[in-house]
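S.K.:
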Amino acid sequence: MHDIGYAPSLARSGFHPLDGARWLQAQGADERMVCLVAHHTGALFEAERRGLADQLSVFAREESATSDALWYADLTSGPTGCATTFEARVEEILTRYAPGSVVHESISAARLTLAGAVRRTRERLTAYPR
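Laid out in structure tokens, this is it:
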């Protein structure tokens, strides 16, 4: 759901978190889900570089175990849905997008923030006995 904004028919701004959130909002989706989609996986870093931070700011940014878990899921699965490590996923993104590109620069700038969400989620997951 979080990457629905990649659908060509939904693209308006060319920034998939924003396009996805706007579409979900227009469909009457739950506001919390809309906002989680808008801000997933460090979207603000890229929105700032694209000049879209003001447009993204209309959606509330949640910092919670839920948002961390969404980022964790996004950052520990590859483009085809296969499990991967955070480190491998970031390297895959940085390889797919050229240095100097908006995505490459945004992921590079967001790396510590992204790693924090992954770390917190791992800690939460390991806090519960199996």
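At position 62 of the sequence shown the residue is numbered 62 (UniProt numbering), and the sequence of numbers has no breaks. Idealized CB from N, CA, C, for every residue including glycine.
Does the Cβ-Cβ distance between Leu75 and Arg96 come in under 9 Å?
M.R.: Looking up residue 75 in the sequence shown gives position 75. Looking up residue 96 in the sequence shown gives position 96. Their beta carbons are not under 9 Å apart, which means Leu75 does not touch Arg96 by this criterion.
S.K.: Which residues mark the beginning and the end of the alpha helix (DSSP H) in which Ile93 is found?
M.R.: Here residue 93 refers to the residue found at position 93 of the sequence shown. Start and end: 86–96.
S.K.: Should Val37 go down as buried or exposed, given a rule of 16 or more other Cβ atoms within 10 Å for buried?
M.R.: In the sequence shown, residue 37 corresponds to position 37, counting from 1. Val37 is buried by the Cβ-count criterion.
S.K.: When the Cα atoms are used, what is the spatial distance from Arg130 to Asp54?
M.R.: Translated into positions along the sequence shown, residue 130 becomes position 130. Translated into positions along the sequence shown, residue 54 becomes position 54. Their backbone Cα atoms lie some 43 Å apart in a straight line.
S.K.: Taking C-alpha atoms, which residue in Ser101, Arg22, Asp3 lies nearest to Glu46?
M.R.: The residue given as residue 46 occupies position 46 in the sequence shown. Measuring from the Cα of Glu46, the nearest candidate turns out to be Ser101.
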